[in-house]
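Q: Residue numbers (the numbering used here): 20 to 118. Virtual Cβ for every residue (Gly too), placed ideally from N, Cα, C.
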């Protein structure tokens, strides 16, 4: 019986960021929210997620304004400042809520 060569487990060079749309020139990641997402899912140190609250962000820089428009719906994590665009599967929340 011939000995099988041992294969090393694949090494994780860098964790892949889910839902990444693009990265700004300053390194800020712009991601797409999953439906009903309220907290950041960006991996932080030690393999844990950031879990910062996503808040609506109205004042953003020129680069983002040029790419998305001045009236874009953008959310930002309160801890790591990762930017999020709304989910494609949800209605936009740009209008006034009425009851």
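Could you check whether residue 38 and residue 52 sit closer than 9 Å to each other, using their CB atoms as the reference points?
A: yes
Q: Counting only the same chain and skipping the five closest in sequence on each side, list residues whose C-beta sits under 6 Å from that of residue 103.
A: 50, 52, 73 and 94
Q: Going by beta-carbon coordinates alone, are residue 75 and residue 112 separated by less than 9 Å?
A: yes
Q: So within the segment 72-117, which uninterrupted beta strand (DSSP E) runs reach at least 3 residues, ignoring any that extend past its ends?
A: 73-76, 93-96 and 102-104
Q: Go through its chain and collect everything with a Cβ distance to residue 42's Cβ below 8 Å, but skip five positions before and after it.
A: 48 and 49
Q: Taking 8 Å as the limit between beta carbons, can you name the residues of its chain near residue 92, skipping five residues before and five after?
A: Once the five neighbours on either side are set aside, the close Cβ partners of residue 92 are 75, 104, 105, 111, 112 and 113.
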